[in-house]
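Only one structure is covered here, and it is reproduced in the block below.
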Amino acid sequence: MATAVPFDKMFLTSIWIETLLYGLNCAVFGTAMYVLIRKQTGTSNRFLIPVSIFLFSLSTGYVAVSFRQLLEAFIYAPAGGASAYFKTQTNPLAVTKLVLYSTNVTAQNLFLIWRLWGVWNRKWWVVVLPLAMEIVHTISEFIAIGEGAVPRPNQRVKGDFILIIRQLSIVNWCMDLAINICVTAAIAFRLWQMAKTVGSHMPGHKQFLGIMRMMLESGLLFATATLVTVSIYLSGSLDTVNAIDGIIQLATITPLLIIVRVGLGLTYGQQTRDTEVDVPSKLEFITRSRLGRSTNDESEVTDSTHVRTRPGAGMSDFDLHKVEESSV
Numbered sequence: 001m002a003t004a005v006p007f008d009k010m011f012l013t014s015i016w017i018e019t020l021l022y023g024l025n026c027a028v029f030g031t032a033m034y035v036l037i038r039k040q041t042g043t044s045n046r047f048l049i050p051v052s053i054f055l056f057s058l059s060t061g062y063v064a065v066s067f068r069q070l071l072e073a074f075i076y077a078p079a080g081g082a083s084a085y086f087k088t089q090t091n092p093l094a095v096t097k098l099v100l101y102s103t104n105v106t107a108q109n110l111f112l113i114w115r116l117w118g119v120w121n122r123k124w125w126v127v128v129l130p131l132a133m134e135i136v137h138t139i140s141e142f143i144a145i146g147e148g149a150v151p152r153p154n155q156r157v158k159g160d161f162i163l164i165i166r167q168l169s170i171v172n173w174c175m176d177l178a179i180n181i182c183v184t185a186a187i188a189f190r191l192w193q194m195a196k197t198v199g200s201h202m203p204g205h206k207q208f209l210g211i212m213r214m215m216l217e218s219g220l221l222f223a224t225a226t227l228v229t230v231s232i233y234l235s236g237s238l239d240t241v242n243a244i245d246g247i248i249q250l251a252t253i254t255p256l257l258i259i260v261r262v263g264l265g266l267t268y269g270q271q272t273r274d275t276e277v278d279v280p281s282k283l284e285f286i287t288r289s290r291l292g293r294s295t296n297d298e299s300e301v302t303d304s305t306h307v308r309t310r311p312g313a314g315m316s317d318f319d320l321h322k323v324e325e326s327s328v
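Using UniProt numbering, read the sequence shown as starting at 1 and increasing by one per residue.
Structure follows, in structure tokens:
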């Protein structure tokens, strides 16, 4: 029978991996800020900067709390007490980490839903279901944290977990997975529609496909990490707590990395960092016959990117730098 890894070694390893990811996070964040500040045009960019700083601050706070845990477990605690310290998930530092993680994931999900709203021409009906799912996700995760922080006597237990916390956590992660997969797929589908309508012979076709690929890659990365965590949790292993140490860094790196890829011209199909493509009005991806929209509508492709039809001009402007940049 396999021997269980001591909690001290397990948490030390997970925090070490978390620190490596945080180092990458710092580099990506710095580059993303350079990209965003360099292009301080439009209200969306002014929104992206504080949101990026907020997400990075949460991941930084998480690393700081992890460092404090190491001090308390290996320096301040009695010799040999590190495993017992880490096994106690009701101590304030452990609860603080869960709050930071949950806040980070919630913010990222709302950010993703906001992008969906922009891509689909600011149609509110598109985001009603994702927002409802996010409400369920947020409520379940914070109730679970509260139940774990102040456990009551005589609570039903399944394995190493309190039953109510286990049930709420499953709901939480299922909602998180559904939001990431479905919303990312909806954004990618919309971008595919745009690329298809533009036509393969037009300059903007590859750029739209490039944005779509980035969205799918970023969604797949975070969804895979979440799926692995859920699988570990369902197996009844306490390694779930360790997996969260890495996921919070990925939750911040994923959106920032897309900004960096776009800003440095690393997007598939992108010719330059500031490419603009003019497409004849007959190839507009929003037409009166297909979507019943007037041709002077403004369709926001991503956060800071618009696809505009200038009234009377007969041309659609695709600011591809902004399109891809705001695909975070």
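In this text, a Cβ means the ideal position worked out from N, Cα and C, and glycines have one as well.
| query | result |
| --- | --- |
| By Cβ distance, which residues of its chain are closer than 7 Å to valine 183, with the 5 residues on each side in sequence left out? | Leu112, Ile113, Leu116, Pro130 |
| Just the Cα atoms here: how many angstroms apart are alanine 73 and proline 6? | 13 Å |
| Are three or more beta carbon pairs between the segment 93-106 and the segment 19-37 nearer than 8 Å? | no |
| Kindly indicate which residue of Ala178, Phe142, Ile181, Ile179 has the alpha-carbon position closest to the one of isoleucine 164. | Phe142 |
| How many whole angstroms separate the CB atoms of threonine 252 and serine 59, which I take to be in contact at a CB cut-off of 8 Å? | 4 Å |
| Starting from leucine 77, trace the alpha helix (DSSP H) in both directions and tell me its first and last residue. | A quick correction: the sequence has alanine, not leucine, at residue 77. That residue, alanine 77, is in no alpha helix (DSSP H); it is neither H nor E in DSSP. |
| Do serine 169 and tyrosine 233 have their C-beta atoms within less than 9 Å of each other? | yes |
| Going by CA-CA distance only, name the one from Thr240, His137, Phe161, Val136 that's closest to methionine 10. | Thr240 |
| What first and last residue would you give for the alpha helix (DSSP H) that runs through tryptophan 124? | 124-149 |
| Let me make sure I understand the geometry here. Which of Asn242, Ser14, Leu209, Gly219 has the alpha-carbon closest to that of glutamine 193? | Leu209 |
| Straight-line CA distance for leucine 257 to alanine 32? | 7 Å |
| Give me, in chain order, the residues of the same chain whose beta-carbon lies closer than 7 Å to that of threonine 90; leave out the 5 immediate sequence neighbours on both sides. | Gly148, Ala149, Pro151 |
| Count the other CB atoms, across all protein chains shown, that sit within 10 Å of the CB of tryptophan 16; report buried if there are 16 or more and exposed otherwise. | exposed |
| Alanine 223 to threonine 138, Cα distance in whole Å? | 17 Å |
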